[in-house]
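One structure below.
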Amino acid sequence: MQAGSFILLLIIGLPLLGAILVMCTPRGEAQLHRGVGLAISFITLLVSLLVLRYFNPKEAGFQLVFDVDWIPGLGAHFKTGIDGISIFLVLLTTFMVPLTLLGTAKSITKSTREFIACMLVLEAGMLGAFVALDVFVFYVFWEVMLIPMYLLIGIWGGQRRLYASIKFVIYTMVGSLL
4 MQAGSFILLL IIGLPLLGAI LVMCTPRGEA QLHRGVGLAI SFITLLVSLL
54 VLRYFNPKEA GFQLVFDVDW IPGLGAHFKT GIDGISIFLV LLTTFMVPLT
104 LLGTAKSITK STREFIACML VLEAGMLGAF VALDVFVFYV FWEVMLIPMY
154 LLIGIWGGQR RLYASIKFVI YTMVGSLL
């Protein structure tokens, strides 16, 4: 394993831990929920900026590779790494989530705790999908990403949110299985 390979695990794990932490806060404390969510997403952004310290743009191939046997019977490895394209997507994601949380402060007033937790799980799923180097790991993170997206559309969407969320699930599940 390369120096700094655990940073990618930290980038994925921080939003998941943040979602658990947000769900442990009392209901009705919107400011607390937002504060915890913003703090975790901002820390994730700072950690993702650390990746730039270890990333060598002149080196071809994947860097910061983390590889452990996950499900030996299936030959699946929990393998993550980053290249020139995925580093951009990781930085973009970790930059956009705090902005999204700030931008929804006035518009999302019901179930803020659940909204923040969904956003953090979505962030972890996206980051995991961007750094996955094993197709099974990618599939798991892709499916993890779909659950909060369904909830975000179905609970906090517009007038036709239920129709849109059911259609979303049908299309993405069929697409995932193919």
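All residue numbers for the sequence shown refer to this note's numbering, where the first residue is 4 and numbers rise by one.
The C-beta atom is built at its ideal place from N, Cα and C for all residues, glycine as well.
Worksheet item: Alpha carbon to alpha carbon, how far is ALA22 from HIS36?
Response: 10 Å
Worksheet item: If you compare alpha carbons, which of LYS82, ASN59, GLU32 is closest to VAL138?
Response: LYS82
Worksheet item: Using the C-alpha atoms, what's the distance from LYS61 back to MET202?
Response: Residue 202 cannot be examined here, being either before or after the span of the chain that is shown, 4 to 181.
Practice prompt. May I ask which residues mark the beginning and end of the beta strand (DSSP E) holding GLY84?
Written response: 79-85
Worksheet item: According to DSSP, which residues form a beta bridge with PHE45?
Response: Answer by DSSP bridge pairing: none, since PHE45 is not bridged.
Worksheet item: When you compare each of SER179, ILE150, LEU180, GLY178 to SER168 by their alpha carbons, which one comes out closest?
Response: ILE150
Fill in: Same chain, Cβ closer than 7 Å to GLY160, neighbours up to 5 away in sequence not counted
ALA167, SER168
Item to complete: Could you tell me if ILE88 is buried or exposed, where buried requires 16 or more neighbouring beta carbons within 10 angstroms of its beta carbon?
Response: exposed
Item to complete: Using the Cα positions of GLY31 and ARG116, report the straight-line distance between them to the nearest angstrom.
Response: 8 Å
Item to complete: Would you kindly check if the distance between the Cβ of VAL54 and the Cβ of SER8 is under 7 Å?
Response: no
Worksheet item: Helix, strand or coil for LEU67 per DSSP?
Response: strand
Practice prompt. Tell me whether the beta-carbon of MET148 lies closer than 7 Å to the beta-carbon of MET129.
Written response: yes
Worksheet item: Comparing alpha-carbon positions, which option in GLY131, GLN162, ALA79, THR103 lies nearest ILE119?
Response: THR103
Discussion item. The alpha helix (DSSP H) that contains CYS121, what's its start and end?
Written reply: 115-134
Discussion item. Just verifying my parser: in three-state terms, what is the DSSP assignment at ALA74?
Written reply: Contrary to the premise, residue 74 reads as Ile rather than Ala in this sequence. In this structure, ILE74 counts as strand in the three-state DSSP scheme.
Worksheet item: Rounded to whole angstroms, how far is the Cβ of TYR153 from the Cβ of PHE171, which I believe are closer than 8 Å?
Response: 6 Å
Worksheet item: For the candidate residues LEU180, LEU165, THR175, VAL134, whose alpha-carbon lies nearest to that of GLY16?
Response: VAL134
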